[in-house]
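Presented below is the structure to which this report refers.
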Amino acid sequence: SIDGTVRIWEIETGRCLRDWKFDEPILHVAWNPISELPILAVA
Numbered sequence: 001s002i003d004g005t006v007r008i009w010e011i012e013t014g015r016c017l018r019d020w021k022f023d024e025p026i027l028h029v030a031w032n033p034i035s036e037l038p039i040l041a042v043a
């Protein structure tokens with residue numbers, strides 16, 4: 001997001017599971033869909 005926030009949402013409930021705040025705007029997000037190896041990359 002433009003405010004530097006990344007949030008992970010649970011789709012079924014609409015609950016925010018995790019959020020991160022960065023000093024710069026977030027323009028790209030990539031994640032690993034394998035739950036045993038959680039990786040999130042932002043740029």
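So the sequence shown is numbered by UniProt numbering: it starts at 1 and just counts up by one. Ideal Cβ positions, reconstructed from N, Cα and C, are used throughout, including at glycine. Please read these numbers as outputs of a predicted model, since none were measured by experiment.
### Query
What did DSSP end up calling residue 37 once you bin it into helix, strand or coil?
coil
### Task
Look up residue 8 in the DSSP assignment and say whether it is helix, strand or coil.
strand
#### Entry: Spatial distance of residue 18 from residue 9 (CA atoms)
7 Å
### Query
Considering only the beta carbon of each residue, do residue 28 and residue 42 sit closer than 8 Å?
yes
### Query
Does the distance from the CB of residue 25 to the CB of residue 2 come in under 8 Å?
yes
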